[in-house]
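For the sequence shown, the numbering used here gives the first residue as 15, with consecutive numbering after it.
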Amino acid sequence: MTFRILYIAVVPTLALLTACGGSSSDDPEPIITVPQVNAAKGFDGPLAQGKASTFIRNGIYATTVASTSAPSTPTTDAAPATPAPENNFSFSGTNTVEQGVDEADRIKYDGETLFLATFPNWTLANQEEVKVRVLTRNEDFTLQAQTDIELAGGVNNIEGLYLHQDRLATLGIESPYYSIDTLSSLPWVYSEPEITINIHDVSDPTDVELVTEIKIDGALLSSRRIDDALFIVSNYVPYVSDIAPGAASDAEKLDTYQKILSTPSSSIMPKRYVDGQSQPLNNIEQCYVPAEATNDDGYAQILTVTKINLLEPTEIQSMCMSVYAYMMYMSEQNLYIGSGVSSEQTSFHKVQLSDLSYQASGSVQGVLNWRSDPVFKLNEKDGFLRVVSTDYSSGSPEHRLTVLSQQANELEAVAILPNQDQPEKIGKPDEDIYAVRFVDDKAYVVTFLQIDPLYVIDLTDNTSPIITGSLEIPGFSSYLHPMENDLLLGIGQQINLANIPATGEQVIAPVPVSGLKISLFDVRDPANPLEITPLVIEDAYTPVEWNYKALSALNIEGVYQFALPVEQWGNSDDIDPASTSMLRSRNSLVLLQSDSNAQDPTLDWVNSLEVENTSDTYVYSGDDRSIIHGQNVYYIRGNQVWLSSWSDGQISGPF
């Protein structure tokens with residue numbers, strides 16, 4: 015995947031624009047010439063304050079005159095490195111990238127109460143309102159429905175939940191819904207996206223109370239929670255309402271630019287609304303823009319990082335920068351915004367979480383392609399940012415590990431692998447990266463085209479990384495889950511060896527897959543990684559391959575329990591004889607376990623749970639979830655919950 019150039023440069027052709035040169039004044043001097051939109055260009059380097067008023071206004075103009083419709087917000091990462099957290103409780107939690115950094119998901123559970131965000135049921139005429147189901151656990155682990163939390167603010171899609179102590183935060187968006195009958199007759203109306211955060215007191219599950227409703231202008235890029243601090247990263251595209259897009263004549267362009275210059279900064283910047291009261295997120299001159307930007311450059315997007323105290327929700331901090339962002343990674347200390355400089359380079363902007371202060375920027379060669387989740391390709395440890403990127407400029411992918419360290423306001427590369435002393439490449443020719451996982455002082459990288467090499471990279475010395483070993487096996491892992499005692503769980507796809515081209519044959523695409531593969535890897539000897547007890551389910555896949563939150567993992571003193579949803583497809587009667595569909599599927603929750611303390615550890619099959627969907631609407635398996643609580647497991651499918659004991663597979667429900 016390539017990334018388009020991001021910052022729009024506005025270059026006057028007849029005379030300099032004296033109107034807005036670095037000033038934040040809302041009464042600019044009149045202009046006499048029409049600015050000409052040049053080719054867009056990217057910036058590499060640190061950010062700085064003091065130029066945002068000019069930069070953002072120029073960007074609005076460039077977007078407006080080049081468009082034939084209203085501006086839109088770029089696609090965001092709802093989406094979203096180190097050992098996944100196995101908590102200190104007897105039940106599983108949300109599977110996350112970094113230990114200590116919580117992530118939003120459709121379920122949250124504290125051992126006593128289950129909160130489940132429902133999905134809307136769509137019909138030809140209307141849409142059923144979304145809500146949060148509140149269910150409490152009985153002594154026999156069955157569930158009792160207590161109440162449904164109706165969401166304020168017009169929310170009709172729930173992006174995820176956060177639970178901290180007695181506070182439940184629900185992240186929602188409002189997406190316009192039009193029935194088929196009325197869609198064609200409605201006039202076009204520009205609608206700016208908005209994020210709604212409902213914070214409820216759930217200390218009494220039978221009497222849930224709304225504490226605060228917060229709305230933030232813009233689209234959600236991602237979110238995280240550390241203790242009582244909720245972090246929201248949002249994108250906002252400024253829109254001046256009284257100008258028409260696609261100005262053609264010089265007079266129209268001049269009029270457009272003058273209107274943009276005369277628009278108050280407060281009308282350009284995104285706002286927050288706390289219980290209906292409008293407040294600015296930031297002053298325009300507080301925003302960071304590329305330090306190298308001139309008065310002729312511009313970009314019409316504002317990225318805001320907002321920090322909300324869940325226990326005192328009116329305590330809100332924000333910082334902003336005008337950069338394009340397609341991903342976000344967060345450690346316990348810092349946040350990094352990933353931004354494409356060009357199709358061959360990616361930059362990162364570092365923000366310190368304690369005070370939301372901009373720290374530094376740096377770049378790596380290549381991009382974080384989307385074959386595997388980009389968020390796993392970054393990791394911060396001991397002040398070093400480690401990044402795995404791919405450079406496609408030569409036609410064949412070249413994979414690199416770059417280690418960055420902050421020096422003043424720049425993130426400088428202190429190591430790159432491969433290099434002259436360590437020339438071994440990451441991946442064979444034309445292989446792409448399918449999975450990455452950083453675990454303490456190691457990085458594990460899976461590449462694939464015909465067969466799966468798993469690379470082990472030693473990062474004990476961040477300034478001198480080295481490939482210590484590799485393993486070649488059929489198939490590939492799309493997700494790697496770290497375990498104690500130098501074990502890894504790999505989840506991906508198996509291939510049929512008969513499909514591997516003969517030596518000398520040209521390979522133009524990855525070898526076709528044949529089914530779900532779950533492997534236990536022994537990496538106790540970094541020079542000689544081993545695959546042990548691979549499990550294969552023919553003609554199947556799991557959502558964990560692209561959404562790690564679908565995996566539940568519980569670690570009790572090195573003994574692991576895993577639960578993952580599986581969908582198996584086929585056209586044989588043994589899948590579903592009653593089905594009239596030509597392609598039939600079977601959905602289940604697969605239970606596995608492994609004792610990492612054993613001298614010869616294995617991955618053991620425990621059970622496969624199948625439930626009947628009692629809803630008359632389609633249920634997408636990618637949203638299936640589970641919770642492991644001791645010797646019990648909850649299976650969430652659609653908007654319903656089932657209970658089973660861990661070993662005997664007896665199912666009760668739905669609840």
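C-beta atoms are modelled at their ideal positions from N, C-alpha and C, and glycine is treated no differently.
**Message:** Looking at the secondary structure, which residues open and close the beta strand (DSSP E) in which E227 lies?
**Reply:** DSSP places E227 in the uninterrupted beta strand (DSSP E) bounded by 223-231.
**Asked** How long is the line joining the alpha carbons of L485 and A554, rounded to whole angstroms?
**Response** The C-alpha of A554 is placed about 24 Å away from the C-alpha of L485.
**Request:** Would you please state the rounded distance, in angstroms, between the beta carbons of I351 and A339? I believe it to be under 8 Å.
**Result:** I351 to A339, Cβ: 5 Å. Contact.
**Asked** Where I465 and V550 are concerned, what is the direct C-alpha to C-alpha distance, given to the nearest angstrom?
**Response** The straight-line gap from Cα to Cα measures roughly 16 Å.
**Selection from V303, N212, G644, F129 that minimises the alpha carbon distance to N170** = Considering only alpha carbons, the answer is N212.
**Prompt:** Should E173 be labelled buried (16 or more other beta-carbon atoms within 10 Å of its own) or exposed?
**Reply:** Under this definition E173 is a buried residue.
**Item:** Whole-number beta carbon distance between P259 and I316, since they are thought to touch under 8 Å
**Value:** Between I316 and P259 the beta-carbon gap is near 19 Å, outside 8 Å, which marks them as no contact.
**Prompt:** Taking T477 as the reference, which of M497, I509, Y493, Q436 has the closest Cα?
**Reply:** Nearest option by C-alpha distance: Q436.
**Prompt:** Bridge partners of M283, per DSSP?
**Reply:** Paired residue(s): none; M283 is not in a bridge.
**Request:** Measure how close the beta-carbons of L370 and M341 come, nearest whole angstrom, since I'm counting them as under 8 Å.
**Result:** The Cβ separation is near 19 Å, so there is no contact.
**Message:** Within 10 Å of its beta-carbon, does R414 have 16 or more other beta-carbons around it, so buried, or fewer, so exposed?
**Reply:** So R414 ends up on the buried side.
**Reduced DSSP secondary structure (H/G/I, E/B, other) of S528** = Under the three-state reduction of DSSP output, S528 falls in the strand class.
**Request:** Go through its chain and collect everything with a Cβ distance to R538's Cβ below 6 Å, but skip five positions before and after it.
**Result:** D500, listed in sequence order.
**Item:** Strand pairing of T68, partner residues [DSSP]
**Value:** BP columns for T68 are empty, so no partner.
**K321 in three-state terms, based on DSSP** = Taken through DSSP and simplified to helix, strand or coil, K321 comes out as strand.
**Item:** First through last residue of the alpha helix (DSSP H) which encompasses Q272
**Value:** Counting along the chain, the alpha helix (DSSP H) containing Q272 begins and ends at 264-276.
**Request:** Using alpha carbons as the reference points, say which of S419, K563, L502 lies closest to V459.
**Result:** For V459, the nearest C-alpha among the options comes from L502.
**Asked** Are three or more beta carbon pairs between the region 441-456 and the region 385-396 nearer than 8 Å?
**Response** Touching, yes.
**Asked** Whose CA, out of N433, E227, A243, lies closest to the CA of D289?
**Response** Residue E227 is the option with its Cα nearest to D289.
**Prompt:** Hey, how far is the Cα of D154 from the Cα of L182?
**Reply:** Cα to Cα, D154 sits roughly 25 Å from L182.
**Message:** Measuring straight from C-alpha to C-alpha, what distance separates K229 and S408?
**Reply:** If you draw a straight line from the Cα of K229 to the Cα of S408, it is about 45 Å long.
**Message:** Can you tell me whether D637 is helix, strand or coil according to DSSP?
**Reply:** In the three-state scheme derived from DSSP, where H, G and I count as helix and E and B as strand, D637 is classed as helix.
**Message:** Here's the rule: buried if 16 or more other CB atoms are within 10 angstroms of the residue's CB, otherwise exposed. What is W656?
**Reply:** Classification of W656: buried, given that the 10 Å Cβ count is 16 or more.
**Asked** Applying the criterion that 16 or more other CB atoms from any shown protein chain within 10 Å of the CB defines a buried residue, is S640 buried or exposed?
**Response** Result: buried.
**Item:** Assigned exposure category for Q654 - 16 Cβ within 10 Å defines buried
**Value:** The C-beta of Q654 has 16 or more other C-beta atoms within 10 Å across all chains shown, which makes the residue buried.
**Request:** From the DSSP output, in three-state form, read off F57 for me.
**Result:** Coil.
**Pair within 8 Å by beta-carbon distance, V115 and R238** = Using a Cβ distance threshold of 8 Å, V115 and R238 count as a contacting pair.
**Asked** Where E624 and G506 are concerned, what is the direct C-alpha to C-alpha distance, given to the nearest angstrom?
**Response** For the pair E624 and G506, the Cα-to-Cα distance works out to about 21 Å.
**Prompt:** Helix, strand or coil: how does DSSP classify K442 here?
**Reply:** Reduced to three states, the DSSP call for K442 is coil.
**Prompt:** Would S361 be called buried (16 or more neighbouring beta carbons within 10 Å of its own) or exposed?
**Reply:** Its Cβ being crowded by 16 or more others within 10 Å, S361 is buried.
**Prompt:** Exposed or buried, what is S217 when buried is set at 16 or more other beta-carbons lying within 10 Å of its beta-carbon?
**Reply:** In the assembly as shown, S217 is an exposed residue. Its beta-carbon has fewer than 16 other beta-carbons within 10 Å.
**Prompt:** Helix, strand or coil: which one does DSSP assign to P388?
**Reply:** Three-state result, P388: helix.
**D396 classed as buried or exposed, judged by whether at least 16 other C-beta atoms fall within 10 angstroms** = Residue environment analysis places D396 among the exposed positions, since fewer than 16 neighbouring C-beta atoms fall within 10 angstroms of its C-beta.
**Request:** Report the three-state DSSP secondary structure of T161 (helix, strand or coil).
**Result:** For T161, the secondary structure class from DSSP, reduced to helix, strand or coil, is strand.
**Request:** Identify which residue in Y271, P294, D269 has its Cα closest to the Cα of S281.
**Result:** When Y271, P294, D269 are compared, the shortest CA-CA separation from S281 is found for P294.
**Request:** Using only alpha-carbon positions, find the residue among P304, A118, E329, Q420 that is nearest to N678.
**Result:** Residue 678 lies beyond the stretch modelled for the chain, which goes from 15 to 669, so this question has no answer here.
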